[in-house]
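First up is the structure itself, then whatever we jot down about it.
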Amino acid sequence: MPPVGGLKAEVMDHVEKNQVMIFSKTTCPFCTKVKELFNSMGQECKVLELDKIANGPDIQNTLLEVTGQKTVPNVFINGKHLGGCDDTLKAHKNGSLQAMLQDATNYDYDLIVIGGGSGGLAASKEAASLGKSVAVFDFVKPTPIGTTWGLGGTCVNVGCIPKKLMHQAAILGHSLADARHFGWIVPENIQHNWETMRNAIQDYIGSLNWGYRVQLRDKKVDYQNAFAEFVDKHTIKAVNKKGKEVTKTARDFIVAVGERPRYPDIPGAQEYGITSDDLFSLSYCPGKTLLVGASYVSLECGGFLHGIGLDVTIMVRSILLRGFDQQMADKIGDYMEANGINFVRPCVPTKRYLLTTGSQNTKVYGKYSDGTEYSDTFNTVIFAIGRDPVTSNIGLDKVGVNLNKNGKVIANEAEATNVSNIYAIGDILEGKLELTPVAIQAGKLLARRLYNNSKVLTDYVNVATTVFTPLEYGAIGYSEEAAIEKFGEDNIEVYHTNFWPLEWTVAKRAENICYAKIICHIPDKERVVGFHVCGPDAGEITQGYALGMRLGATKKDFDDTIGIHPTCSEQFTTMNVTKRSGKTINQSGC
Ligand code: FAD
Ligand code: NA7
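Letter by letter, the sequence shown follows residues 17 to 606 of my numbering.
Now the structure itself:
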């Protein structure tokens, strides 16, 4: 009896139950060739002769749907689609067929995922949903001051989630000041309590950690809280926090181990400094804080710490937000500076010196680029000078996976490394965006390609992102600098405008600080290739436009779209001043 679920299920059943599965026809000479090849190799295979069964033509159509190939022979090895006669003969000639057949040992799992963060959890749950036996190994090495956290990786524990919630705490503080203008009687000297905020956020994170464990259990993914490293290309050893070691094997591996913050090579950095990995669960209010670095992590953390009332200084070596549109980066910096955040630039720290442990007072010395000395005293120093992939001590060298000089994994557009059964996703990939939804999409689609004959690749282009600084910044596609480099200055038109959110008018917040621009590729009907907005709720504004840009929206499409009034987002439907024209872009009302 065929399995429940129709022809597709019947086909997949054959594929999954047989190490070598050949869909064939008795009259086809190419099929004969392939059958003879396996015969000559002494390899057992299951053959289904489609011209000898009633539903043969339907099965052939289903194979077309599943593999994109209608012709026979249609060959599968170890559940994976190999192709037709030419593909099989070629694989035999270059040895990959033999390697695939050897891979059929009895492994503990079909798939082991190393790293239970955004990418790893998505991949493991998807693979398990597709009927594969899956294990996830996730382990957090404590920071130098001992901070550690639960299942879910960076985003949930020490990234997007606590960051956005602390940003919200800062926004609420600002809204209290606005509220007075709208008639609310808000007492003066309102205080923020760090412990209350931290506890509430950590409680929420705890519930997410628990939720992930439940999801893995429900999907029958074997979760192990242990640090894994490769022994060979099909074997890992993993050590848990009690030092207990296990060895496990799998046919396939997905490496999704993420990154950890970098410390500068200066005396005292690790002893007296912390990073974003410590900040969100810090047991005490950080007080007067220095942030070193001008990455988005630095500006976001500096932004919300100032927003909850702390004295904040950001030490910048060169530019703000390297890699982002520099006009927008400067707008963020100007806004933060105008609102009371100190910027020390261009300057780098040279050494740190602990004055008194009890009150966490630390003297920091630095040097400006012209050689002038800098020094000041802070309660807390946070290094946000970049993040390094944690790929150096997990045996990737033993199995020969290619890494670049920064330790990033080199993989192709299908996230496959140079080792046939090892894949990599998320922040550790060379040249890819370091964002949670990107890691999740890559994990999901990779599992579908591995175990559901999908061919869909992750599209790393036109991904929307937002920097959650006090003046939020949303972006899609090219920065102005990158568009000029790619298309040439004469081939791009930049439309832009300042704007004054209606909510800011009565609240007496500054006029013409918020800014929107789109970058259009003139020869391609002014297709929008860059989208940038600085203003409240930039993340909420930007997401929808990413869909438009994926669909190839042009400036005319933006113009033909009727806005929602009164919103900030409607600016994008009415922009008519080009940057080239030099005309004024200030607005005084709606
Ligand atoms: P991770 O989520 O880092 O997961 C890797 C996991 O593997 C970790 O749990 C790690 O401990 C574990 N691990 C490492 N080595 C081993 C090993 N050998 N054995 C077992 N386990 C191991 N992205 C956004 O999209 N939006 C944001 O607003 C945003 N804000 C951020 C704010 C901050 C402060 C930071 C630091 C990052 C932020 N990001 C944001 C980026 C986002 O967190 C990452 O892109 C995302 O978490 C990457 O997922 P990943 O699966 O590659 O790795
Ligand atoms: P980034 O984007 O790598 O930025 C690191 C920042 O820290 C940057 O401003 C650097 O200045 C600065 N930096 C680096 N080393 C030092 C030292 N030694 N002293 C002082 N300042 C320093 O950081 P993230 O890891 O937060 O971002 C990761 C990714 O997220 C990034 O690739 C983006 O795609 C988004 P510099 O500009 O080099 O002078």
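From the three backbone atoms N, C-alpha and C, an ideal C-beta is built for every residue, glycine too.
Since we're looking at a predicted model, the values are computed, not measured.
Counting only runs of at least 3 residues, the segment 224-285 fully encloses the following beta strand (DSSP E) elements, listed from N- to C-terminal order: 238-240, 242-248, 251-256, 261-271 and 275-277.
Beta-bridge annotation (DSSP): GLY493 is paired with GLY546. DSSP places MET37 within a strand segment (E or B) once states are collapsed to three. Straight-line measurement puts the Cα of LEU137 at about 13 Å from the Cα of GLY166.
The alpha helix (DSSP H) runs lying completely inside the segment 383-469 and spanning 4 residues or more are 412-415 and 452-467, given in chain order. Residue environment analysis places SER314 among the buried positions, since at least 16 neighbouring C-beta atoms fall within 10 angstroms of its C-beta. Checking the 8 Å criterion, the Cβ of ALA523 is out of range of every heavy atom belonging to ligand 1. In this chain, LYS96 is not harboured by any alpha helix (DSSP H); it is covered by the beta strand (DSSP E) spanning 96-99. For the segment 291-348, the continuous beta strand (DSSP E) assignments of 3+ residues that do not extend past its boundaries occur at 305-308 and 328-331, in sequence order. The continuous beta strand (DSSP E) containing CYS536 extends over residues 530-537.
With 16 or more other CB atoms across the displayed protein chains lying within 10 angstroms of its CB, ASP293 is buried.
Annotated as proximal: PHE198 and ALA523, with beta-carbon spacing under 9 Å. Between ILE401 and GLY546 the beta-carbon gap is near 27 Å, outside 8 Å, which marks them as no contact. Under the three-pair Cβ rule at 8 Å, the segment 479-488 counts as touching the segment 544-559. Here VAL50 is buried. Its C-beta has 16 or more other C-beta atoms within 10 Å. Assigned with DSSP and collapsed to three states, GLU509 falls in strand. At least one heavy atom of ligand 2 sits closer than 8 Å to the Cβ of TYR312. Restricting attention to LYS541, SER585 and THR265, the CA atom closest to the CA of HIS548 is found in SER585. Assignment of ILE601 by DSSP, reduced to helix, strand and coil, places it in the coil class. Inter-segment contact for the segment 129-143 and the segment 268-284 is present: three or more beta-carbon pairs are separated by less than 8 Å. Along the segment 121-202, the beta strand (DSSP E) occurs as fully enclosed runs of 3 or more residues at 125-130 and 150-153, listed in sequence order. For ALA463 against GLY135, the beta-carbon gap comes to about 11 Å, at or over 8 Å, which does not count as contact. With a cut-off of 8 Å, the C-beta of LYS180 is classified as near ligand 1, since at least one heavy atom of the ligand falls inside that distance.
Out of CYS176, ALA440 and THR396, the CA that lies nearest to the CA of VAL417 is found in ALA440. Of the residues LYS367, ASP443, VAL247 and SER311, the one whose Cα lies closest to the Cα of ASP281 is LYS367. Residue environment analysis places GLU488 among the buried positions, since at least 16 neighbouring C-beta atoms fall within 10 angstroms of its C-beta. With respect to the 9 Å criterion, ALA186 and GLY387 are not classified as neighbours on the basis of their beta carbons. In terms of Cβ geometry, VAL237 and VAL156 do not form a close pair [threshold 9 Å]. Straight-line spacing of the CA atoms in THR265 and LYS249 works out to 9 Å.
Residue pairing from DSSP leaves ILE217 without any beta-bridge partner. The three-state secondary structure of THR366, taken from DSSP, is strand.
Counting along the chain, the unbroken beta strand (DSSP E) around GLU65 starts and ends at 62-65.
Of all C-beta pairs linking the segment 326-334 to the segment 350-358, three or more are shorter than 8 Å, placing the two stretches in contact. PHE92 is bridged by DSSP to MET37 and HIS97. PRO89 sits close to SER40, with the two beta carbons spaced by under 9 Å.
Taking C-beta atoms as the reference points, ILE177 and ILE221 count as a pair closer than 9 Å.
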